[in-house]
Structures are given as C-alpha cells and as structure tokens.
Amino acid sequence: MVGVMALAGTQARAAQELEVASMSIEDLMNVEVTTVSRKSQRLTDTAAAAFVVTADDIQRSGSTSIPEALRMVPGLEVARASGSRWAVTARGFNGRFANKLLVLIDGRSAYSPFFSGVFWEAEDVLLEDVDRIEVIRGPGATMWGANAVNGVINILTRNARRTQGGLATALVGNEGQRTGAVRWGAQVDEDTHYRLWAKSVRRDSVQASDGTPGADDVDAVRAGFRLDRDLSGTARVMATANVFDTKSGEVLLLPQLTPPYAARTPTMQKNQGVNVLGKIDWTLDNGSQATLQVGLEHGRIAMEGVHAEDRTTLDVDFQNRFALTSRQDMVWGLGYRRSADTIHTPPASLATFLPAEQTQTLFSAFVHDEFTVLPDRWRIAAGSKFEHNSYTGFEVQPNLRSSWNLNPTDSVWAAVSRAVRTPARVERGATIDAAVLPADPAGGNPLPTLLRIGGSPSFSSESVLSYEVGYRAQFGSNLLLDVAAFHNRYRNLRAAQTQGATPVLTSLSPYLLVSGAIGNGLEAQENGLEAAVDWHAAPSLRVQTAYTLLQVSAESSGDPLHDADVRTARGGVPRHQLSLRASFDLGKQQQLDGWLRRVGRLESMNIGAFTTLDLRWAWRVTPQFEASVTGQNLLQAQHVEYTGDQLPTMQMRIPRSIAVKGRWQF
C-alpha cells in the first residue's frame, strides 16, 4: 500500500509539472504576474511590455542556465561571452557588466553595487524548481527603484508544497559539461513544507578566437533551502537560504609596455557567498494586505591578479496594499539597504580602488495608485519612487500608465516613465589600465601609449525618459499577439573623457600616459519594436515567435575616449533578433522541440551576424523517469557571440554541443 501511494504521489507531481504545457490560449491570457505593480494581476491587464517564461518553456528549450532561457524573450539581448560568462540586458547597452537591468530571485536582488549589474556566473538556481520568470521590458524603477532602468527580470521558484518528494538530474555533454542535482521536499505538518537542493556544474574550457585554449573552465557547487508555511489562513511565511562556491577561468589581456603590448594571462575568478531571506505576507483586520521582507547576504568575489571584494548587504522592504475607494487600488512601501565592502588589490594589479573600504546606504519609499475609470475596460495608474542614496542624494522616479480593454480579447496600453541608474563603486573610485597602444613614429608618436581610465567622485546618476505603447490580441482560440514599441531618451550616460597626455621617461620602457576620467557626457536615443506570437497550431504543436528591432543613436564629440563609448552604445547590441520555437508532442511520452535564432551583427565588436539551431528530444520512459538529448548551435562548429567590453579579455568561440540528460522523480 505504501508503494502504491508513493507511486501515485510521484505521478501526481509529474502531471503537475506538465500542467503548463496543456494550458489553452485563454489560460495563457489569464496568467497572473506580480512584477509590474507589486501585486497579482492578469498579464493582459498590465500596462507594460511583459513576458512570462514558464517552467515548461524552460524545460522544452533544453536550457541549462537562466541566461539561456532568457534568449526567448523579445527585447532582451543575451550573448554568451565564454564558458560561464554572459552579457544580458534589455533594450540596449549590453555588456558583461550591463548596468540597466534589475534581477530578482524570489525577492532577493542580484544587483551588485560594485558595478551596478549582475555576476551571472555567481547566480544560478535549480531550473526544475523555477515556477516562472517574469520579464518586464522598460523602466520598472517606480516599483523597484534605481537600476531598473531598461527592465526587470523576476525569477520565481515554486512553493515548497509543490516540490514534495525526491528529484535527481544528471547531464553529460561533449563540452566536458557534467551537471548533477538533487532535491528533497517534505512537510513538517499540513501547513509547513520545505525543500533542500544541491547542484554541481563542471565544464571544460572552450577555444579562444585565435585557436588557443580559452582557460574558461567552470567548477561550481551550490545548495539551497526553502520553507513555506501557512499561518491560520491569513498569513504566509517564506524563508530561503543559499550557499555557493564557484570557480570560473578566463584569459585576460594585461597591458604591457613592450611588444606584443598585451600579455595573455589565464586567471581564475572565485565567487563564494551565502544569502538568507525571510518574507511574511498577511491580511490586516481592515482587509488590506502587507508584506515584510528581510534579506542578508555576504559574499566574496576574487579575480586573480585584479582584485578581491568582500561585501555584506542588509535589505529590508515593506509594502502595504489597500482599496482607497471602490475604484482605487493603492500600494505603498518603504525600503532600506546597507551594503559594506572591502576591496583588496595586489601591487601589480591593472586596477586600484579608493577608498579600500566603503559603506553605502539607501532609503526608499514608493506609492502607486491604480484607478479604474471604466470597470473591466479602462484603468489609469500613477506613482513614483523616492530614494536617497550615499552617492547622489535624492532621486525621484515617477511613471504614468494606462490600459484599455477594447473587447474581451484585445487591449492597448501606454506608459511614460522616468528611471535613474545610480553610480557604481568602480565609477566613483576605480582606476584601470585599459590598454597599451603600440608606438606610431609615422603618426608622430614614437612611444607606446598607456590608456589609464579613472573613476570620478563627481560622477552622477544616469537617467532615461521612456515612452511606450503596446497592443495585445487573441485571435480565435489558438493565436496570441503581443506588440510593444518604445522611444527612450537617455541623459548623463557614462562616457570617458580625455584629461591629458604625459610622457613618462623611465629608463626601461618610456611611454606616453594618456589619462581619462569617467563622466556623464553621453546622451543617446533609442527606438525599438518588440513582437511575440504564440500559435497553438494543433493540439500537439505549439509555435512561438519573437522579434526585436532596436536602433540606438548617439552623437560623437571628437574625443577618442568619448567616441569609443559612443560606438559601443550604437553597435554593442544587434539591430535585429529573431527567435522561432516549435514544440511537438509525439504521443503522450515523447517530445520534440526545435529552436532557431538569428542574431544581427555587433558592429562595435566586429562580430558578424549568426544563426543557431537547437534541437531537443525527450522520452518519458516511466512516470518517474525522463531521458532527453539536446543539441545546441548545430548549424556551425563554433561561433563568436561577444567579447570583453570592460576588462580586456580574449574573445571566445562558442562550440556546437550535444548533451544527454536524465531526470528521476522519487
């Protein structure tokens, strides 16, 4: 009897995991999201460019990491720079250290004050536990604060109640990739459930663009815990804890004053850390809803030969939602963040940081009011975020949004928003030897030139004023269309400015020192179009298409350092991107999936356009065990997607790969 009950439980969990795959078009239209307004609302009612990556999307794509899964989202630019490093952004300004995108994992911000971005090589989850990924393109600063300039990615894992029992996965690939994961979920009582998980990822290095070993091998171990408890029907508690230890290599091109002027130096980056988070949601006596969240994180990032950063961050967030009138829904909140760091640099490092220790604080408040003008038809929402940070003081980030349901299946929306990106630690206090240029006697420079770029204590916040419109429609019972267009105006963007040139006449290697300082001298404009089509062509066939058009314009000044940043802004992202995914159900036990992508050229990096094809075949051998084979980048033996944009690094070739995966539930 026990065995029969266990088998039934396993089959129920398997069916639950596949429930998204069987969702109809109407169900997909009614999917609820929480990221746009910090409250649950239907996707079709959101006045924002929103997209949801479901658990089924992740599984059927064959993705092995969050960035891979994000490639299917229109408006996102995702490029793999090496075996473990990614460049991910929304609506332009991409880079390994892209700084205009906010990433949340179960409410925890993955933002690093060190460079105002995300270390993707340090962030990972058990993909089988992900419930959905909500992606908002466009400013989200009114609800989420500074640095949500061009978008918000909210990664939400499943309630522990939905991950009961055991799970084990193993993947082996020809890239030397070996991934293994285990998870166990159980209950303390009928109201309290938890899960424990652990994951290991190893990957051999790929080739550099010159054919030499890339030295970008990966060895990562992480583990986590989640607990969910219902309290008397009016409150819910969620607690998470994660620990990680990752090592990932890369090849730096360290500047040197003698030929070849760049030393090819393999280095290893180590990321270690632990984070804990507690959250309680409860309903007050007056019917309003409140949420309190407290998170604590400590981590160390050490890059051999460059720097080591120790950082501890405390994050506190409170919000309250209530009905102001029968037609007004109000959400307000308060926040506090304190982040303290210590940075160590070796004597021969290409970078220095002053001061070596620093503590940053952030106080914030927001208010957001949604007014229903016509029930079930027309809504208007307005709000603003108010922040005070240690660098630039007081910042205001308002927005105005409106949505109109033309009929039960068609809706239009529009928004005007302002967002800011506050300075990063490196932009205020870092000095970096960026490159050495060979001597050019014919051009009047008999000495090699060392470019040294320094941060500036006067560097202030970047800002964007964004205008967006969108249209969503359901055609019949099997086709969805989602289109968004936008115009962005950026002010005070980061750009280096030449400060002067000084001959340094040493006895060994005389050189010309050209100094530059980071400032707010760049302005830019963007125009873009994003479209997604979801077509259920047959009960066993689903086709999903996404297209992105992005045009960036910025004015040159004649200063070589400034104009280098202008070229990066203009040509650091593809102008066109196309994604086409098809999912076939071959009976009840087998699946066949194909994913074709076309990515335009990166002009500033001299990287050509490329086309990739991924194929996946899966067979559910038993209700408890599934086997799958995934081939990625099948059209070419290898290709280049990105290159170093801040630190001088070797360009890596992304190879064709084949991986076999097994998944066992027990």
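Take the sequence shown: its letters are residues 1 to 666, numbered as in UniProt numbering.
Beta carbons: idealized from backbone N, C-alpha and C, even for Gly.
Quick caveat: nothing in here was measured; it's all calculated off a predicted structure.
Going by Cα to Cα distance, which pick from the options is closest to residue i?
i, options, result
"glycine 107", "Met303, Leu586, Phe318 and Asp329", "Phe318"
"threonine 212", "Leu227, Gln651, Gly594 and Leu231", "Gln651"
"isoleucine 58", "Trp120, Phe114, Thr157 and Val36", "Thr157"
"arginine 71", "Val88, Ala81 and Arg60", "Val88"
"aspartate 129", "Gly249, Gly92 and Arg226", "Arg226"
"glutamine 544", "Ser579, Val566, Ala524 and Glu555", "Ser579"
"leucine 171", "Gly600, Arg162 and Val182", "Val182"
"alanine 223", "Ala263, Asn30, Thr234 and Leu127", "Leu127"
"aspartate 27", "Thr54, Gln187 and Ala637", "Thr54"
"glycine 519", "Ser461, Val660, Pro539 and Gln525", "Ser461"
"glutamine 328", "Ala90, Asp285 and Pro375", "Pro375"
"glycine 140", "Glu603, Ser112, Leu102 and Gly594", "Leu102"
"alanine 524", "Arg377, Leu257, Gln665 and Arg91", "Arg91"
"arginine 229", "Ala122, Asp281 and Trp197", "Asp281"
"glutamine 360", "Ala517, Gln272 and Phe114", "Phe114"
"arginine 575", "Ile607, Ser82 and Leu635", "Ile607"
"arginine 491", "Ser61, Ala554 and Leu635", "Ala554"
"methionine 330", "Ile105, Ala351, Asp369 and Asp285", "Asp369"
"valine 206", "Leu167, Gly249, Gly233 and Leu231", "Gly249"
"phenylalanine 51", "Thr64, Ile66, Gly62 and Thr35", "Thr35"
"leucine 493", "Leu254, Met303, Leu522 and Leu541", "Leu522"
"glutamine 665", "Gly166, Ala198 and Leu596", "Gly166"
"aspartate 124", "Asp131, Ala168, Gly176 and Thr64", "Thr64"
"threonine 612", "Met605, Arg472 and Val640", "Val640"
Please tell me whether residue i and residue j are closer than 7 Å, where the distance is taken between their beta carbons.
i, j, result
"valine 274", "valine 243", "yes"
"glutamine 341", "glutamate 297", "Sequence inspection shows aspartate at residue 341; the glutamine mentioned does not correspond to that position. No, they are not a contact pair."
"serine 402", "isoleucine 432", "no"
"proline 355", "tyrosine 391", "no"
"arginine 570", "valine 599", "no"
"proline 74", "threonine 548", "yes"
"phenylalanine 366", "histidine 388", "no"
"methionine 143", "arginine 38", "yes"
"asparagine 94", "glutamate 77", "yes"
"arginine 195", "threonine 240", "no"
"alanine 532", "aspartate 482", "yes"
"isoleucine 658", "arginine 80", "no"
"isoleucine 155", "valine 135", "no"
"threonine 179", "alanine 220", "no"
"proline 457", "arginine 428", "yes"
According to DSSP, simplified to helix, strand and coil, what is residue i?
i, result
"alanine 627", "strand"
"alanine 21", "Model confidence at alanine 21 stands at a pLDDT of 47, short of 50, so the residue's coordinates are unreliable; what they give is reported in the following sentence. In this structure, alanine 21 counts as helix in the three-state DSSP scheme."
"valine 254", "The residue you asked about is not valine; residue 254 is leucine in the sequence shown. In this structure, leucine 254 counts as strand in the three-state DSSP scheme."
"residue 675", "As displayed, the chain neither begins before 1 nor continues past 666, which places residue 675 out of reach and without an answer."
"serine 477", "coil"
"serine 232", "coil"
"glycine 83", "coil"
"proline 560", "helix"
"serine 461", "coil"
"arginine 161", "helix"
"arginine 494", "strand"
"glutamine 544", "strand"
"serine 509", "coil"
"proline 655", "strand"
"glycine 500", "strand"
"proline 441", "helix"
"aspartate 216", "coil"
"serine 61", "helix"
"aspartate 315", "strand"
Name the one or two DSSP bridge partners that residue i has.
i, result
"methionine 268", "Gly249"
"lysine 279", "Met238 and Gln293"
"valine 331", "Arg321 and His368"
"glutamine 41", "Val33"
"leucine 529", "Ala485 and Leu549"
"leucine 450", "Val436 and Leu513"
"threonine 342", "Asp310 and Glu357"
"asparagine 520", "Paired residue(s): none; asparagine 520 is not in a bridge."
"alanine 263", "Leu254"
Nearer than 6 Å: is that true of the beta carbon of residue i relative to any heavy atom of the ligand SAH?
i, result
"valine 276", "Only the bare structure without any ligand can be found here, which leaves the ligand SAH out of the picture."
**Message:** Ignoring anything shorter than 4 residues, give me the alpha helix (DSSP H) runs that lie fully in the segment 375–436, in order along the chain.
**Reply:** 425–429
**Prompt:** Taking only runs of the alpha helix (DSSP H) that begin and end inside the segment 64–145, which ones reach a length of at least 4 residues, in chain order?
**Reply:** 66–70 and 141–144
**beta strand (DSSP E) runs contained entirely in the segment 594–648, provided each spans 3 or more residues** = 610–620 and 625–632
**Prompt:** Which whole runs of the beta strand (DSSP E) in the segment 174–218 are 3 residues long or more, in chain order?
**Reply:** 178–189 and 192–203
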